[in-house]
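**Student:**
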Amino acid sequence: MDFDALRSVRSNPWVISALAAAAFWVLIQVFGQVGSGMSVLTVSMQFAAFYVIVGVAQMLVISIGPGNIDLSIPGTMVLSAFVSMAVMGGSDNNLVLGLLAGLGVGIPAGLFNIVLIQFLAIPPMIATLASGFILQSVAAASSSLFGAKPSPLIGEIMSWKLAGIPALTIFALIVTAVCAWALQSTRAGRSVLAIGQNPRAAFLAGYNVKLTSAVVYLLSAMMASIGGMALAVFSGGAALNMANDFILMSIAVVVLGGTSVAGGRAVPIGLWASAILLQNLVIFLNVIGAPNGIRHAATGLIILLVLALTGKPNR
Amino acid sequence: MTSGSSLKSALQRHVSLAIPVTGLVVIFAIICIRQPMAASYGGLSLILAYVIPLVFVSMAQMLIMSIGDIDLGIGQFVSLAMCVSAALMDAHPVWGLAALFGLVLVYAALGGLIHLFAMPAIVATLGGAFIWYGTALTIFPTPGGTVPDWLIGFMRWKPPLVPLPIIIAVVLALVMHWLVMRHWLGVLMRGFGGNARAVERAGRSALLIRMAVYGGAGLLACIGGLLLSGLTTTGDANVGSNYTLQSIAAVIIGGGRFAGGVVLPIGTVIGAMIILLTGTLLSFANISPNWQLSFQGAILILVLSVRRLLEKRNGF
């Protein structure tokens, strides 16, 4: 029986993250007077939404097979945030234009990655590393021209709540649900997983390998754009270092969520388990007054622990 | 291996090395045209000072990449080594050295863990990145510590004729070239990167190979961190993070490949110099340092495109 339980956990690694998230939630209740358990969960989910939005992007990329990873996510986030805030210029008049301008950064950024990977045959990791460098430095070079604030209206929309759940969290939940549905029930979604399992077989089965991976990289850049704009609106403006955490975090939530690093297996719901786990960990460490360094070290230990618990031991 | 394929790999290696060498010459020539003083002893010492930690980190990354892994935490590990040395080396040098040696063992253990649990290295080292950074931040939440005078003095040492950074870079390149390309350890390591199963079937322990490679990378990163503390004269938890991606870029520019255990120690050192000199080049050309990352990204793309073009023409 124990063996069966262990095996089912191994095949659903996100269960471990969910259990750990619950454990920290209990610890928060025990150690701190921080309001009701529900409010802790809401706060967690609010911040987790940022990681989930970018995590969806990274998850799709990782799912199309070994070597695929998008290191340009932080760069895309930062530049999109700066451009959209600049166009909004703190007023509601240009809200829609600002959002479109932000996405207007994501789309060419994604296309650029596709050109590097498919036409110049540069390994995806190096291609996105290079394009990430470029995006980051364009943002740095032009940031002095921007420095604008988000439109107040979008700020209000983002802080709007339905039954206590913030709008951004609802948006992220919808994105996750659509992604889960698409992966399971659409030809496009299934082609992502098929390519991740075996590109040659997927090709022979009639899936368009190049088109699918191009779409995935484009989606990744667009989600990064949205994540960057949301983060900038949430913090009242864009900053150059705002996305520094996201290279590591976007990969961490994907892997802790049970998505296979070797590709071919994506677990959208796992993104929530791992993002809430990481947020609950932060809240817990804040509650017991642990310094910032401990928070990072604990995050790293949890990543290694989950990897050890879910990996197949190599004899 | 047939003589045909060894000839092909030798040619491939020459093409891979010719590109960074050309790149370095071009970049250095432009710097000298803009600022002739750069070619003087003092100029070289100045513009190349920070190449010292970078060559060690890049070499560490190269070892990891030679067995087909990628290390997303090596820069943060350098921060940790730097903070440990700033915390201990002045007051208790023996404890400081012991702690750095302990860090090397920790890195070897990480390699063992990766092997034993069949962890994806890229994620495991990412987990490591959080741990190293967190620990470094716990030691020094803000930059601090004291670095012993002998270490600061060594980093400021002006040896006759050739500036210190060049001596260190050349010695490191030659030692690592001998170790990786000539010594049986290096052959075993690259063979493991090319075909892990074949090396295992030949009776070698994959666990030990991986631990040795990670231990070696940890040692190089620790030396890099120690020397970095001598340059900055403090411990700073944030300073190393940039090295992670820069070291990957240096290895690739220097002729390394993701697949098949193909790495070039001499190329890696040149790659590290190119990465560093991009900043110098921009400042001498009166271009905002904000564009440095763009420049590095463009070089990366250029190098890989040219390499592919040359290889195609030579029929690889």
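Chains as they are written, first to last, in the numbering used here: chain A, 1 to 315; chain B, 1001 to 1316. Just so you know, even glycine gets a beta-carbon here, dropped at the ideal spot from N, CA and C. These numbers come from a predicted model, not from an experiment.
Against chain A, with Cβ distances strictly below 8 Å, would T1268/B count as a contact?
**Tutor:** Walking along the second sequence from the start, residue 1268/B turns up at place 268. Output row for T1268/B: interface = no.
**Student:** Is the CB of M1/A under 8 Å away from at least one CB in chain B?
**Tutor:** The residue labelled residue 1/A in the question sits at position 1 within the first sequence. No answer about M1/A holds up, because its pLDDT of 44 lies below 50 and its placement is not dependable.
**Student:** On the CB-based measure, 16 or more other CB atoms within 10 Å of its CB, does W1291/B come out buried or exposed?
**Tutor:** Translated into the one-based positions of the second sequence, residue 1291/B becomes position 291. W1291/B should be labelled buried.
**Student:** Check the DSSP bridge columns for G1144/B and list the partner residues they point to.
**Tutor:** Locating residue 1144/B in the second sequence gives position 144, where the first residue counts as 1. Its beta-bridge partners are G1235/B.
**Student:** At a CB distance below 7 Å, what residues from the stretch 226-246 of chain A approach chain B? Give them in sequence order.
**Tutor:** Those residues of the stretch 226-246 of chain A that come within reach of chain B (Cβ to Cβ, closer than 7 Å) do not exist; the list is empty.
**Student:** Just to confirm my understanding: we take M1001/B, look at its own chain, exclude 5 residues before and 5 after, and list those with CB closer than 6 Å. What are they?
**Tutor:** Here residue 1001/B corresponds to residue number 1 of the second sequence, with the count starting at 1. Below a pLDDT of 50, predicted positions are generally treated as unreliable, and M1001/B, at 41, falls in that range; no measurement from the model is reported.
**Student:** Excluding the five sequence neighbours on either side, which residues of its own chain have a C-beta within less than 7 Å of the C-beta of A1173/B, listed in chain order?
**Tutor:** Position 173 of the second sequence, counted from the first residue, corresponds to residue 1173/B. So the qualifying residues of the chain are P1265, I1266, V1269.
**Student:** Quick one, which residues of the stretch 270-303 of chain A are near chain B if we go by CB-CB under 9 Å, in chain order?
**Tutor:** Those would be P291, N292, G293, I294, R295, H296, A297, A298, T299, G300, L301, I302, I303, in chain order.
**Student:** Which ranges would you report for the alpha helix (DSSP H) in the stretch 73-114 of chain A if only whole runs of at least 4 residues count?
**Tutor:** Complete alpha helix (DSSP H) runs here, min 4: 73-88, 95-114.
**Student:** Answer yes or no: do V61/A and I69/A have a C-beta to C-beta separation smaller than 8 Å?
**Tutor:** Within the first sequence, numbered from 1, the residue matching residue 61/A stands at position 61. Within the first sequence, numbered from 1, the residue matching residue 69/A stands at position 69. Yes, they are a contact pair.
**Student:** DSSP on M1/A, reduced to helix/strand/coil?
**Tutor:** In the first sequence, the residue the question calls residue 1/A occupies position 1. Unreliable placement is indicated for M1/A, whose pLDDT of 44 sits below 50; no coordinate value is reported for it.
**Student:** What is the DSSP secondary structure of P166/A, reduced to helix, strand or coil?
**Tutor:** For this step, residue 166/A is matched to residue 166 along the first sequence. Strand at P166/A.
**Student:** Given that a residue counts as buried once 16 or more other Cβ atoms are within 10 Å of its Cβ, and exposed if not, what is A238/A?
**Tutor:** On the first sequence, position 238 is the one that residue 238/A refers to. Under this definition A238/A is a buried residue.
**Student:** Verify the CB distance criterion: does M1119/B have a CB-CB separation below 8 Å to chain A?
**Tutor:** Looking up residue 1119/B in the second sequence gives position 119. Yes, its Cβ sits closer than 8 Å to a Cβ of chain A.
**Student:** At the 8 Å Cβ level, is G258/A part of the contact set with chain B, yes or no?
**Tutor:** Counting from 1 along the first sequence, the entry for residue 258/A is found at position 258. Closer than 8 Å: no.
**Student:** Any C-beta of chain A within less than 9 Å: which residues of the stretch 1288-1310 of chain B qualify?
**Tutor:** Answer in chain order: S1288, P1289, N1290, W1291, Q1292, L1293, S1294, F1295, Q1296, G1297, A1298, I1299, L1300, I1301, L1304, S1305, R1308.
**Student:** Select from the stretch 56-87 of chain A all residues with a C-beta closer than 8 Å to any C-beta belonging to chain B, and list them in chain order.
**Tutor:** Cβ contacts with chain B come from G67, I69, L71.
**Student:** Mapping DSSP to helix, strand and coil, what is K149/A?
**Tutor:** Within the first sequence, the letter at position 149 stands for residue 149/A. Coil, per DSSP.
**Student:** Take the Cβ of T186/A as the centre, count every other Cβ of all protein chains shown within 10 Å, and call the residue buried at 16 or more, exposed below.
**Tutor:** Sequence index remark: in the first sequence, residue 186/A carries index 186 (1-based). Flag for T186/A reads exposed.
**Student:** Is it true that the CB of V261/A sits closer than 8 Å to the CB of V267/A?
**Tutor:** Numbered from 1 along the first sequence, position 267 holds the residue referred to as residue 267/A. Numbered from 1 along the first sequence, position 261 holds the residue referred to as residue 261/A. Their beta carbons are not under 8 Å apart, which means V267/A does not touch V261/A by this criterion.
**Student:** Going straight from the alpha carbon of A1081/B to that of D245/A, what length do you get?
**Tutor:** Mapped onto the second sequence, residue 1081/B falls at position 81. Mapped onto the first sequence, residue 245/A falls at position 245. Looking at the two C-alpha atoms, the distance is approximately 21 Å.
**Student:** Counting only beta-carbon atoms, is A1196/B nearer than 8 Å to chain A?
**Tutor:** The residue given as residue 1196/B occupies position 196 in the second sequence. Chain A, which has no Cβ nearer than 8 Å to the Cβ of A1196/B, makes this no.
**Student:** How would you list, in chain order, the residues of chain A whose beta-carbon sits under 8 Å from the beta-carbon of P1020/B?
**Tutor:** In the second sequence, the residue the question calls residue 1020/B occupies position 20. Result: empty, since nearest Cβ-Cβ is about 15 Å, beyond 8 Å.
**Student:** For the stretch 1017-1036 of chain B against the stretch 1152-1168 of chain B, are there 3 or more C-beta pairs whose distance is under 8 Å?
**Tutor:** At 8 Å Cβ cutoff, the stretches do not touch.
**Student:** With a threshold of 7 Å on Cβ separation, who are the neighbours of R1307/B within its own chain once the five nearest residues in sequence on each side are excluded?
**Tutor:** Taking the second sequence and counting its residues from 1, the one referred to as residue 1307/B is at position 307. Counting only Cβ-Cβ distances below 7 Å, and skipping sequence neighbours, we find V1015, S1016, I1019.
**Student:** Assuming R1210/B contacts H1115/B (C-beta within less than 8 Å), just tell me the rounded distance between them.
**Tutor:** The residue given as residue 1210/B occupies position 210 in the second sequence. The residue given as residue 1115/B occupies position 115 in the second sequence. Indeed they touch by this definition, with Cβ atoms about 4 Å apart.
**Student:** Just how far apart, CA to CA, sit V15/A and G270/A?
**Tutor:** For the purposes of this step, residue 15/A is identified with residue 15 of the first sequence, where counting begins at 1. For the purposes of this step, residue 270/A is identified with residue 270 of the first sequence, where counting begins at 1. Using only the alpha carbons, I get a separation of about 8 Å.
**Student:** Does the beta carbon of I126/A come closer than 8 Å to any beta carbon on chain E?
**Tutor:** The chain labelled as chain E is not found among the protein chains of the depicted structure, namely A and B.
**Student:** Taking all protein chains shown into account, do 16 or more other C-beta atoms lie within 10 angstroms of the C-beta of S39/A, making it buried, or fewer, making it exposed?
**Tutor:** Here residue 39/A refers to the residue found at position 39 of the first sequence. Looking at its Cβ environment, which holds fewer than 16 other Cβ atoms inside 10 Å, S39/A is exposed.
**Student:** Would you verify that the beta carbon of A214/A is, or is not, closer than 8 Å to some beta carbon of chain B?
**Tutor:** Start at 1 with the first residue of the first sequence, and residue 214/A comes out as number 214. It does not; no Cβ of chain B falls within 8 Å.
**Student:** Could you tell me whether any Cβ in chain A is nearer than 8 Å to the Cβ of A1124/B?
**Tutor:** Counted from its first residue, the second sequence places residue 1124/B at position 124. True, the Cβ-Cβ gap to chain A drops below 8 Å.
**Student:** Tell me whether K1312/B sits in a helix, a strand or coil according to DSSP, three-state version.
**Tutor:** Here the question's residue 1312/B lines up with position 312 in the second sequence. DSSP places K1312/B in helix when its eight states are reduced to three.
**Student:** Can you tell me the Cβ-Cβ gap for V96/A and P150/A, rounded? I've got them flagged as a contact below 8 Å.
**Tutor:** Here residue 96/A refers to the residue found at position 96 of the first sequence. Here residue 150/A refers to the residue found at position 150 of the first sequence. With a Cβ gap of about 13 Å, V96/A and P150/A do not count as contacting.
**Student:** Which residues bound the alpha helix (DSSP H) around L27/A?
**Tutor:** By 1-based counting over the first sequence, the position of residue 27/A is 27. Per DSSP, L27/A belongs to the alpha helix (DSSP H) from 14-31.
**Student:** Specify the secondary structure class of K1158/B as computed by DSSP and reduced to three states.
**Tutor:** Mapped onto the second sequence, residue 1158/B falls at position 158. K1158/B: coil per DSSP, three-state reduction.
**Student:** Quick one: residues in its chain with C-beta nearer than 6 Å to the C-beta of A214/A, no 5 flanking neighbours on either side, listed in chain order?
**Tutor:** Position 214 of the first sequence, counted from the first residue, corresponds to residue 214/A. Correct list, in chain order: I114.
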